[in-house]
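Peer 1:
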Amino acid sequence: MRVIKLVASEFPNLPEDLVRKRVIYRLATLQSVFFNFSDYNRLQQLFAEHGEDWERIDSELGTFPGTAKYNWRIIKGLNLTKTWSLEDTKRLYRLSNKSKVEMVTRVCKEEYMSAGCIDWTKISKLTGLNQLECMELCDMEDYKSQWIYDPKTFSWDDANRMTDFIVAKYPGTLPVNYRAVSNYMWIKIGDCIDMHNMLQGKFRWTDEAKDRVVQMRSQGHTFRYIAKQLSPLLGASTVSSTYYQYTRVHTPISEEEKQRITELVDKYVGKVPIKEVIQKVKND
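Using this note's numbering, you'd call the opening residue of the sequence shown number 2 and step up by one each time.
#1: Tell me the DSSP secondary structure of Ile188 in three-state form.
#2: Grouping DSSP H, G and I as helix and E and B as strand, with all else coil, what is Ser146?
#3: With H, G and I counted as helix, E and B as strand and the rest as coil, what does DSSP make of Asp140?
#4: Leu15 lies in the alpha helix (DSSP H); which residues open and close that run?
#5: Could you check the C-alpha separation between Gln246 and Cys193 for me, to the nearest Å?
#6: Looking only at its chain, what residues have a beta carbon closer than 7 Å to the beta carbon of Ala210, apart from the 5 residues adjacent to it on each side?
#7: Put Ile119 into one of helix, strand or coil per three-state DSSP.
#8: At what residues does the alpha helix (DSSP H) containing Val214 begin and finish?
#9: How far does the alpha helix (DSSP H) with Asp151 in it reach, from first residue to last?
#10: Starting from Leu231, trace the alpha helix (DSSP H) in both directions and tell me its first and last residue.
#11: Can you check which of these residues, Gln216, Ser241, Phe204 and Glu112, is closest to Leu234 by C-alpha distance?
#12: Comparing alpha-carbon positions, which option in Ile190, Tyr226 and Gly202 lies nearest Pro152?
#13: According to DSSP, is Trp183 helix, strand or coil?
#14: Report back the beta-carbon spacing between Thr244 and Arg213 to the nearest angstrom; my notes put them in contact at under 8 Å.
#15: Which same chain residues, not among the five before or five after Gln299, have their C-beta less than 8 Å away from its C-beta?
#16: What does the alpha-carbon distance come out to for the pair Arg21 and Val8?
#17: Looking at the structure shown, is Leu130 part of a helix, part of a strand, or coil, going by DSSP?
#18: Tyr171 by DSSP, collapsed to three states: which one?
#19: Smallest Cα separation from Cys135: which of Ala169, Asp208 and Arg180?
#20: Does the Cβ of Met196 have 16 or more other Cβ atoms within 10 Å, making it buried, or fewer, making it exposed?
#21: What is the residue span of the alpha helix (DSSP H) that Arg57 lies within?
#22: Please report the distance separating the alpha-carbon of Ser60 from that of Ser238.
#23: By DSSP, does Arg205 sit in helix, in strand, or in coil?
#24: Helix, strand or coil for Tyr235? Go by DSSP, reduced to three states.
#25: By the 10 Å Cβ neighbour count, where 16 or more other Cβ atoms means buried, how is Glu256 classified, buried or exposed?
#26: Can you have a look at Met114 and say buried or exposed, based on whether 16 or more other CB atoms are within 10 angstroms of its CB?
#27: For Cys118, does the count of other Cβ atoms within 10 angstroms reach 16, so buried, or fall short, so exposed?
#28: Determine whether the beta carbon atoms of Asp140 and Val102 lie at a separation below 8 Å.
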């Protein structure tokens, strides 16, 4: 097994048999890293039905042999670390996990180059991991499409497809793994993050976006129209508020205007009550 050789090379002073056992143990427990709440609920249900028939439970879960047993012990709060130090365990985890990422990515690249797409069912069978694990591990960005919001081409079908996947795989407060989302949609990860935020009513206000609002406003467009050009769920009131805040700070004042302000202040200070100075300057 390639992962055993990779890990063993990092621990030349340890017996290879000890490393082999530890690697096999870690491969079995690695599944716990990717278990979500529904997986644990399913494990509890299967344990209630089949008891300690771990082979059958692993078969029904579609996990590594031994994975169900170890995950059961983990959620029961047992400490599985035996003779190895915590640092050794951390090193082993990083090496094993890196090897899994490299393995899945290599298999996915081979599949994509030969078929022009990724069949996650096939990748799952080739790697021995479930489909969600494969999506979370595959590190491929070069071949993916971009997803930049354009009101003329925006499709709610694609947006709903992404939302449905996130809700199904990462329910409640479970953190979203955007690499998995990116691989499922086959769209660059940064674009998936931006689009998901947009679909939640969030918008990333960069100076470029604000300048675009100013430009469209100068062309006579309404805030409602401008909002739809930026995001499918952005409100006109949010755009108008951002516009006025931004223009107050960023509207340049020419040297001539600065001189005129100075002249006006000098003209009125001492001649009218100070509270009226600002209003006089505005009126002029």
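Ideal placement from N, C-alpha and C gives every residue a C-beta, glycine not left out. Just so you know, these numbers come straight off a predicted model, no measurement behind them.
Peer 2: Based on what the coordinates show:
#1: In the three-state reduction of the DSSP assignment, Ile188 falls in the strand class.
#2: Reduced to three states, the DSSP call for Ser146 is strand.
#3: DSSP places Asp140 in coil when its eight states are reduced to three.
#4: Leu15 -> no alpha helix (DSSP H), and no H or E assigned at all.
#5: The straight-line gap from Cα to Cα measures roughly 29 Å.
#6: Excluding residues up to 5 positions away in sequence, Leu231 lie with their Cβ nearer than 7 Å to the Cβ of Ala210 in the same chain.
#7: Three-state result, Ile119: coil.
#8: Residues Asp208 to Ser219.
#9: Note, Asp151: premise wrong, no alpha helix (DSSP H); not H, not E.
#10: Leu231 -> alpha helix (DSSP H) spans Phe224 to Leu231.
#11: Ranking Gln216, Ser241, Phe204 and Glu112 by Cα distance to Leu234 puts Phe204 first.
#12: It is Tyr226 whose Cα lies nearest to the Cα of Pro152.
#13: Correcting the residue identity first, residue 183 is Ser in this sequence and not Trp. In the three-state reduction of the DSSP assignment, Ser183 falls in the helix class, which pools H, G and I.
#14: For the record, residue 244 in the displayed sequence is Tyr; it is not Thr. Incorrect: roughly 11 Å between the Cβ atoms, too far for contact.
#15: What is shown of the chain runs 2 to 285, which leaves residue 299 out entirely.
#16: So the alpha carbons of these two residues sit roughly 9 Å apart.
#17: If DSSP states are grouped into helix, strand and coil, Leu130 belongs with coil.
#18: Annotated three-state conformation of Tyr171 is coil, per DSSP.
#19: Measuring from the Cα of Cys135, the nearest candidate turns out to be Arg180.
#20: Met196 is classed as buried because its beta carbon has at least 16 other beta carbons within 10 Å across all chains shown.
#21: Its alpha helix (DSSP H) spans residues Trp55 to Leu62.
#22: The straight-line gap from Cα to Cα measures roughly 54 Å.
#23: Note: Arg205 maps to coil in three-state DSSP.
#24: Just to set this straight, residue 235 is Leu in the shown sequence, not Tyr. Leu235 falls in the coil class under three-state DSSP.
#25: Exposed, because fewer than 16 other Cβ atoms sit within 10 Å of the Cβ of Glu256.
#26: Result: exposed.
#27: Burial call: exposed.
#28: The beta carbons of Asp140 and Val102 sit closer together than 8 Å.
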